[in-house]
Amino acid sequence: AGCIMAATSVPQLVAYAQGVGYASYRGLATAGPPLFAWGLATGSPFMSCGVTSITALMAKADLDGESYVAEFGEQAYVNLVAAYSLWVGLCSAVLGIVGFGKLAGMVPSNVRKGFKWGCAVGVVASAMPNGLFTGGSKELKSMVADSGASAFVNMVKTTAPAATGAVSVTNLLYAISHPWQWGMIAAPLFIVCTAFVMKGPKFLPKSFPPGTEVIIATALATLLSMKFDYPGGVVGEIPQLDPDAGIKIGPITIPVALMNPKDLMEAPVVDRFGGSYVTLIISASLFAAVNFLSIMGIASGFEAENGVAWSAPRELIAQGIACGVAGFTGSAPVSGSMSRSLVSRMAGTTSQMSCMVTALVWIYMMPYMSVMSPTPQAALSAVIMSAVVKSVVFPKDLLAMKGTDLIVGWGTGVGTAVTSPTIGFGIGLILVAITTPFKSKKEKTA
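To get this note's numbering, take the position in the sequence shown, counting from 1, and add 837.
What follows is the structure, encoded as structure tokens:
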């Protein structure tokens, strides 16, 4: 079961690294240790964790990743993301100890649904550039800068720098509305791969595990890239770990590169939050709380369907431990992954050992992953897009809302999309407080 999950998840790991804003290979290079730590701490035999589309988006938005990479370079950004993971891990553990796990269940469903949609819009905006344009996000930004939308983008950056989502959504709308500027090869590849990943399972043998369509799509795209010298962005060279590096336990060496503690201490994570530790702690705590909503949803589903009891404090502390390990290995914060957890259950896992086996497979197979160097980023963007595009285009939960729920749900969603996930979640809670006195008797009863 662990090996099946390891194989089917590799394209996701590489794709979500793009969402964070650092090199694609880092998604695989840093995925193993946090998952192993999660396996030791969680009480769920099925649940898997890792960087997800939402945690990638939140980390990038909270830290304003694009501007930081442009100014200081990728390695400095990796240090920054890793330091933030440590803060999220610490806040997760503290929230678990003080009993926040039970309080999380009280977050109104309209806020959760709106937040999920707003995040999905952000994920689409993040994945679209590398999918449709040969030059990726840099090419799209250049086009927007030369268009009439540049005045609005500059105004947002000047007057509301925290509203990073507004810039991303503007870029998304420009991309969608200018198909004649799409890459001649990148765009068709992106569209075909997205369609195949979404519809492929209907045509594949039932015996194939979930995620097989992702492997097929990325494998074929990689072969195409190798055969025809693909002109767009690719994963690129995957650096090999120093033979003398790693964690040594007696005669055994675990090939994991650890972050330099000095780099983590000196990462200016506080500066990204206005130099205020209070603001940083609030943001990291909100990140941890939102992360836990995903875990809570997955665990509740397994309890209802499989009778697997779970403990909110334990899973929140497990999240903290996993995020802490993620920080020491250079990863973005992690959370529960619904797709990987379902694959784990389907594969027949019976204990937490499964995700630990998956983690070890990722760690020890890393030296052989150079096979993915020519994989087109358009194909990886398709993996991300296929997971969220349907819920963005047809948000059935939001469309079904009425009355004050409609105001809170859509307000949270739009607020999340045009600002950042952390701010958007806060907007949702504020809207709940404002609209609660105006709820009808029918709404209160429901």
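Cβ coordinates follow ideal geometry from the N, Cα and C atoms, glycine included. This one's a predicted model, so the numbers in the text were calculated from it and none came from an experiment.
Each of Ile-1267, Ile-1053, Ser-1191 and Thr-1256 was checked against the Cα of Ala-874, and the nearest Cα belongs to Ser-1191. Rounded to the nearest whole angstrom, the CA to CA distance from Val-1245 to Pro-1274 is 13 Å. A straight-line Cα-Cα distance of about 37 Å links Pro-1038 and Ala-1121. The shortest C-alpha to C-alpha distance from Ala-1023 to any of Asn-967, Phe-1262, Tyr-921 and Ala-1125 is the one to Asn-967. Here Cys-886 is bridged, per DSSP, to Gly-1173. Nearest to Pro-870 by alpha-carbon distance, out of Ala-1058, Val-1162 and Ala-1032, is Val-1162.
Counting along the chain, the unbroken alpha helix (DSSP H) around Lys-1227 starts and ends at 1214-1230. With respect to the 8 Å criterion, Ile-1200 and Val-1072 are not classified as neighbours on the basis of their beta carbons. Residue nearest to Asp-1100 within the set Ser-1178, Gly-1164 and Ala-1196 is Gly-1164 (criterion: CA-CA distance). The segment 926-943 makes contact with the segment 1147-1162; the number of CB pairs closer than 8 Å reaches 3 or more. Assigned with DSSP and collapsed to three states, Ile-1022 falls in coil, not helix or strand. Beta-bridge pairing by DSSP links Val-1071 to Pro-1213. Closest in C-alpha terms to Gly-1167, from the list Ser-922, Pro-1016 and Ala-1141, comes Ser-922. When only Cα atoms are considered, Gly-1240 and Thr-1253 end up about 20 Å apart.
Going by beta carbons, Gly-858 and Glu-903 fall inside the 8 Å limit.
Cβ atoms of Val-1171 and Cys-886 come within 8 Å of each other, at about 5 Å. For Gly-858, there is no enclosing alpha helix (DSSP H), as DSSP marks it with neither H nor E. Within 10 angstroms of the beta-carbon of Ala-982 lie fewer than 16 other beta-carbons, which makes it exposed. Using a C-beta cut-off of 8 Å, the segment 1212-1230 makes contact with the segment 968-980, since at least three inter-stretch Cβ pairs fall below that distance. Comparing alpha carbon positions, the residue from Ala-962, Ala-1184, Asn-1097 and Val-960 closest to Ser-1044 is Ala-1184.
Taking the Cα positions, Ala-1000 is about 42 Å away from Leu-1041. Per DSSP, the unbroken alpha helix (DSSP H) holding Leu-1057 starts and ends at 1049-1065. Distance from the CA atom of Ala-843 to the CA atom of Ala-860, rounded to whole angstroms, is 20 Å. Minimum Cα-Cα distance from Ala-896 among the listed residues Ala-1237, Pro-1046, Ile-1132 and Phe-1124 corresponds to Phe-1124. Short of 6 Å from the beta carbon of Gly-876, and not among the five residues preceding or following it, lie these beta carbons of its own chain, in chain order: Gln-1189, Cys-1192 and Met-1193. A direct Cα-Cα distance of roughly 32 Å separates Val-888 from Ala-1270. Gly-1250: member of the alpha helix (DSSP H) spanning 1240-1255, first to last residue.
Note: Ile-1091 is bridge-paired with Ile-1084 in the DSSP secondary-structure output. Check the Cα spacing between Gly-1069 and each of Cys-1030, Phe-883, Leu-1026 and Thr-995: the tightest is with Leu-1026. Considering only Ser-1137, Lys-1227, His-1015 and Ser-1277, the residue with the shortest C-alpha distance to Ser-881 is Ser-1137. Within the same chain, and ignoring the five residues on either side of Ala-1196 in sequence, the residues whose Cβ sits closer than 6 Å to its Cβ are Gly-869, Leu-872 and Phe-873. For the set Phe-952, Phe-1139 and Leu-1010, the Cα lying nearest the Cα of Gly-1261 is the one of Phe-952. Lys-1043 carries a coil assignment under DSSP once its states are collapsed to helix, strand and coil. The beta carbon of Asp-901 sits closer than 7 Å to the beta carbons of Thr-1001 and Arg-1109 from its chain, once the five residues preceding and following it are set aside; these are given in chain order. In the three-state reduction of the DSSP assignment, Phe-970 falls in the coil class, being assigned neither a helical nor a strand state.
Only residues of its own chain outside the window of five on either side were considered, and among them Pro-871, Leu-872, Ala-874, Trp-875, Ala-878, Cys-886, Gly-926 and Val-1171 have a CB closer than 8 Å to the CB of Ala-1159, listed in chain order.
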